[in-house]
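The structure under discussion appears below in the form of structure tokens.
Now the structure itself:
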């Protein structure tokens with residue numbers, strides 16, 4: 001598997017999560033108790049046998065680098081290969097620009113130049129999935145593809161319109177990245193090409209590309225071709241681009257309510273088995289916490305609880321990170337509570353997301369709703 | 001490579017008094033208090049005391065223990081100036097044999113200690129539960145101008161016969177060391193933690209090796225002998241939590257003390273953490289109709305039934321309608337639906353299928369203490385009944 005290296009974009013800036021992504025890239029967002037979002041993409045690569053992985057970091061990268069260290073917990077502290085931190089370019093647009101900006105790669109092009117790998121797996125790290133890339137790599141080789149786009153069959157997880165699904169040929173080749181873009185081209189392709197068919201395949205921010213081709217595309221970076229997807233779109237006529245379907249669980253977070261909903265999905269044993277407890281584990285930074293203490297009057301049901309918590313009150317349908325304290329008489333329902341937050345006696349929380357180190361005072365009542373969860377920012381006193 | 005003080009960790013004993021728990025695994029590697037293994041405490045103490053060269057003497061069923069220790073990275077002991085070294089018995093041209101007694105084990109590794117050529121050697125064992133800063137003891141050792149310092153703790157008079165005890169004079173110098181006698185003159189027990197000046201240890205071990213009548217044991221032979229020779233041997237008085245978990249009963253009790261939080265051993269204290277080499281497992285899942293009270297539950301557990309006053313190690317499973325009372329489930333132990341478990345230790349990877357009853361029947365004469373042990377990887381078929389106090393394991 002030395003013929004493939006990884007490239008993760010951890011700098012996809014977004015302000016869709018209210019304060020949860022303040023001074024923290026989405027990739028570094030805590031999720032499922034003990035993990036951060038980037039753990040899913042990073043572990044998928046590691047579990048697929050990759051031992052050289054570059055990570056493009058955002059300007060605010062303290063949280064991310066604190067989490068990663070030298071990559072030891074992902075077995076990436078090594079002599080040959082390992083984890084490479086690739087500082088991204090400063091974003092010119094508030095939303096950071098398109099998917100997989102070539103400018104970020106041009107700044108770090110040596111990472112790609114000095115390796116000998118044939119293929120590069122590129123992935124965003126804002127999504128929840130546990131994928132073994134080996135099948136997709138075999139597919140890339142079998143098709144002698146230049147690029148394999150990983151897709152998910154609809155309905156679209158990103159809630160894009162139908163027009164944003166790929167246009168595929170009958171052999172799985174990609175004709176266009178969007179339905180509308182293909183309209184004009186259909187005629188010009190004439191009868192040589194197999195007829196385009198509407199697909200329900202949506203690109204999910206993961207692809208495999210030949211390393212040399214990627215270097216060529218980086219060299220062409222400019223205002224016309226700011227990001228990799230634009231470059232791929234421009235090359236569709238001459239390149240062998242294929243779509244490979246991913247059939248496992250794929251969770252996306254486009255809003256705070258999504259964040260709560262994806263967290264709640266983990267309470268479903270089937271989802272948990274697919275993402276967390278299957279053959280391939282999600283790795284994360286190890287903090288040696290003691291086991292969680294359930295007190296004499298604690299009541300916990302249908303919840304995921306990380307280590308190092310002290311629970312004396314009641315917790316229902318919730319996800320708790322490490323070191324959370326729930327005092328006697330406090331009630332937590334349908335909430336996500338991040339690391340080391342504490343909920344004092346008699347407080348009542350429903351549909352609440354507490355960022356790290358939040359203190360909820362005794363007797364407080366905080367209520368959000370499924371569609372509009374109440375969010376308390378990091379370190380706040382409520 | 002000079003080190004002021006290195007540690008020799010005795011981890012080779014068989015631990016036969018732990019019965020089924022040590023049939024396949026060395027005592028120091030036995031799971032403790034959910035996510036820990038017994039040796040975590042000694043290794044973490046070394047790391048927290050800046051003692052970063054540790055020789056681990058192994059002999060009995062060492063594979064799982066060796067694998068667990070690895071390079072010591074989990075305790076931050078993988079460092080360029082020392083690190084953790086596993087020291088199994090070996091043969092050379094004219095020397096080498098199985099380790100025969102604690103002193104003999106260290107004697108056979110004189111070359112190892114010579115390599116680091118320290119000023120002091122700390123001898124500790126891998127089967128005690130405690131938090132201790134060894135540097136405080138070393139300071140005491142230097143201050144007293146000791147040849148040997150023995151760490152001691154006051155124990156209740158009714159338990160004192162289980163321990164080696166020391167008698168001290170006014171300045172804390174030890175006048176007498178007695179190993180496990182029914183009525184000792186003092187209740188100051190040796191904790192099995194010694195600091196030797198390296199030349200003193202070297203000489204003592206050489207002399208002990210030539211004594212054909214010696215059992216080659218620190219407590220029985222070396223320490224009483226050195227006191228008799230007039231060496232300056234002092235007692236360092238340790239205050240705090242310390243437990244020898246060498247028997248099923250003491251192992252069980254030490255676990256249970258940690259649930260109540262009354263033990264004085266604060267696992268949550270960030271200043272003196274106990275590290276462990278943990279598997280990455282997802283957070284525990286507590287099911288819709290689960291009830292957990294007064295318990296410690298680790299990562300990767302799935303609890304669908306009732307758990308009271310118990311400890312669940314990583315990956316343990318309690319099925320629907322199952323009841324686990326006053327028990328310890330070791331890593332990946334599974335208790336399936338409608339089974340009842342009371343005052344039992346369920347071994348690693350053991351499976352108790354549905355509708356079993358463990359530890360509810362009256363205690364047998366053979367095991368009046370009534371702690372039931374189900375050995376590692378044992379499978380209890382559906383509907384099995386295991387009476388209280390039984391030591392049950394799969395024959396291999």
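Residue numbers (UniProt numbering), protein chains in the order written: chain A, 1 to 382; chain B, 1 to 396. Heads up, the beta-carbon is just placed ideally off N, CA and C, and yes, glycines get one too.
Exercise. So, are the CB atoms of residue 134 (chain A) and residue 49 (chain A) less than 8 Å apart?
Worked result: Against a cut-off of 8 Å, the Cβ pair of residue 49 (chain A) and residue 134 (chain A) comes out as a contact.
Exercise. Using a Cβ-Cβ distance under 8 Å, would residue 268 (chain B) count as near chain A?
Worked result: Interface residue, yes.
Problem set entry | Test item: CB-CB of residue 298 (chain B) and residue 284 (chain B) under 8 Å | Yes, the pair counts as a contact, with Cβ atoms nearer than the cut-off.
Problem set entry | Proximity test, Cβ basis, 8 Å: residue 381 (chain B) and chain A | Residue 381 (chain B) has a beta carbon lying at 8 Å or more from every beta carbon in chain A.
For this session: Mark residue 47 (chain B) as exposed unless 16 or more other C-beta atoms lie within 10 angstroms of its C-beta, in which case mark it buried.
Result: Buried is the call here.
Problem set entry | Through-space distance from residue 266 (chain B) to residue 378 (chain A), alpha-carbon basis | Annotation: residue 378 (chain A) to residue 266 (chain B) spans about 27 Å, alpha carbon to alpha carbon.
Exercise. In the structure shown, what three-state DSSP assignment does residue 75 (chain B) receive?
Worked result: Residue state, collapsed to three classes: helix.
For this session: Could you pull out every residue in the same chain whose Cβ sits closer than 7 Å to the Cβ of residue 235 (chain B), ignoring the five residues on either side in sequence?
Result: Spatial neighbours of residue 235 (chain B) in its own chain (CB-CB distance under 7 Å, excluding positions within 5 residues in sequence) are listed in chain order as 150, 152, 166, 168, 172, 174 and 188.
Exercise. Taking 8 Å as the CB-CB limit, is residue 272 (chain B) close to chain A?
Worked result: So, not an interface residue.
Exercise. Which ranges does the beta strand (DSSP E) cover as unbroken runs of at least 3 residues, wholly within the stretch 301-341 of chain A, from first to last along the chain?
Worked result: Qualifying beta strand (DSSP E) stretches, in chain order: 303-305, 314-316 and 331-333.
Problem set entry | Closest residue to residue 111 (chain B) among B:178, B:31 and B:89 (Cα-Cα distance) | Residue 111 (chain B) has its Cα closest to that of B:89, out of B:178, B:31 and B:89.
Problem set entry | CA-to-CA distance, residue 308 (chain A) to residue 70 (chain B), given in whole angstroms | Going from the Cα of residue 70 (chain B) to the Cα of residue 308 (chain A) covers about 25 Å.
Problem set entry | Which listed residue (A:32, A:51, A:74 and A:330) has its alpha carbon closest to that of residue 115 (chain A) | If we check each option's Cα against that of residue 115 (chain A), A:51 comes out closest.
Exercise. In the structure shown, what three-state DSSP assignment does residue 316 (chain B) receive?
Worked result: In this structure, residue 316 (chain B) counts as coil in the three-state DSSP scheme.
For this session: May I ask you to verify whether the stretch 64-72 of chain A touches the stretch 304-322 of chain A, counting CB pairs closer than 8 Å and requiring at least 3?
Result: By the Cβ criterion, the stretch 64-72 of chain A is not in contact with the stretch 304-322 of chain A, since fewer than three pairs of Cβ atoms, one from each stretch, lie closer than 8 Å.
Problem set entry | Chain-order list of residues whose beta-carbon lies under 6 Å from that of residue 314 (chain A) (same chain, five-residue window excluded) | Exclusion of the five residues before and after residue 314 (chain A) leaves 299 and 331 as the residues of its chain whose Cβ lies within less than 6 Å of its Cβ.
Problem set entry | Closest residue to residue 341 (chain A) among A:158, A:335, A:356 and A:231 (Cα-Cα distance) | Comparing Cα-Cα distances from residue 341 (chain A) to each of A:158, A:335, A:356 and A:231, the minimum goes to A:356.
Exercise. Can you tell me the Cα-Cα spacing of residue 100 (chain A) and residue 10 (chain A), whole angstroms?
Worked result: When rounded, the separation of the alpha-carbon atoms in residue 100 (chain A) and residue 10 (chain A) is 10 Å.
For this session: Inspect the beta-carbon positions of residue 327 (chain A) and residue 312 (chain A) and report whether they are closer than 8 Å.
Result: Yes, these two residues count as a Cβ contact at 8 Å.
For this session: Check residue 119 (chain B) in the structure and name its three-state DSSP category.
Result: Coil.
Problem set entry | C-beta atoms of residue 322 (chain B) and residue 350 (chain B) nearer than 8 Å | No, Cβ-Cβ distance for residue 322 (chain B) and residue 350 (chain B) is not below 8 Å.
For this session: Please classify residue 343 (chain B): is it buried, with 16 or more other beta-carbons within 10 angstroms of its beta-carbon, or exposed?
Result: It is buried - the Cβ of residue 343 (chain B) has at least 16 other Cβ atoms within 10 Å.
Exercise. Applying the criterion that 16 or more other CB atoms from any shown protein chain within 10 Å of the CB defines a buried residue, is residue 75 (chain A) buried or exposed?
Worked result: Counting Cβ neighbours within 10 Å, residue 75 (chain A) comes out exposed, since fewer than 16 surround it.
Problem set entry | Every unbroken alpha helix (DSSP H) within the UniProt domain "Nucleotidyl transferase" (17-152) of chain A, with a cutoff of 4 residues, ordered by chain | If we require 4 residues or more, the alpha helix (DSSP H) runs fully inside the UniProt domain "Nucleotidyl transferase" (17-152) of chain A come out as 38-47, 62-68, 102-107, 109-113 and 134-142.
Problem set entry | Contact list for residue 294 (chain A) against chain B, beta-carbon separation under 9 Å | Ordered by position in chain B, the residues that pass the 9 Å Cβ test against residue 294 (chain A) are 286, 292, 293, 294, 295, 296, 297 and 307.
Problem set entry | Cα-Cα separation, residue 18 (chain B) to residue 9 (chain B) | Near 20 Å, if we compare the C-alpha coordinates of residue 9 (chain B) and residue 18 (chain B).
Exercise. If you draw a straight line from the alpha carbon of residue 150 (chain A) to that of residue 38 (chain A), how long is it in whole angstroms?
Worked result: About 18 Å.
Exercise. Name the DSSP beta bridge partners of residue 475 (chain B), please?
Worked result: The question about residue 475 (chain B) has no answer, for chain B in this structure spans 1 to 396.
Exercise. Does the stretch 261-280 of chain A touch the stretch 216-224 of chain A, meaning 3 or more C-beta pairs lie closer than 8 Å?
Worked result: Flag = no, the stretch 216-224 of chain A and the stretch 261-280 of chain A do not touch.
Exercise. In chain order, what residues of the stretch 125-136 of chain B put their CB closer than 8 Å to some CB of chain A?
Worked result: Correct list: empty, as no residue qualifies.
For this session: For the stretch 57-86 of chain B, enumerate the residues whose C-beta is nearer than 9 Å to any C-beta of chain A, in chain order.
Result: Listed by position, the residues of the stretch 57-86 of chain B near chain A (Cβ gap below 9 Å) are 73 and 74.
Problem set entry | Rounded straight-line distance, which links the Cα of residue 155 (chain B) to that of residue 387 (chain B) | Those two C-alpha atoms are separated by around 33 Å.
Exercise. If we ignore side chains and look at the alpha-carbon of each, how far apart do residue 318 (chain B) and residue 170 (chain B) end up?
Worked result: Using only the alpha carbons, I get a separation of about 55 Å.
For this session: With 9 Å as the C-beta to C-beta threshold (strictly closer), list the residues of the stretch 278-293 of chain A near chain B in chain order.
Result: Listed in chain order, the positions of the stretch 278-293 of chain A with a beta carbon within less than 9 Å of a beta carbon of chain B are 281, 282, 283, 284, 286, 288, 289, 290, 291, 292 and 293.
Problem set entry | Identity of the residue in A:210, A:250, A:236 and A:57 nearest residue 202 (chain A) by Cα | Comparing Cα positions, the closest option is A:250.
Problem set entry | Enclosing alpha helix (DSSP H) for residue 261 (chain A) [first to last residue] | Per DSSP, residue 261 (chain A) belongs to the alpha helix (DSSP H) from 256-265.
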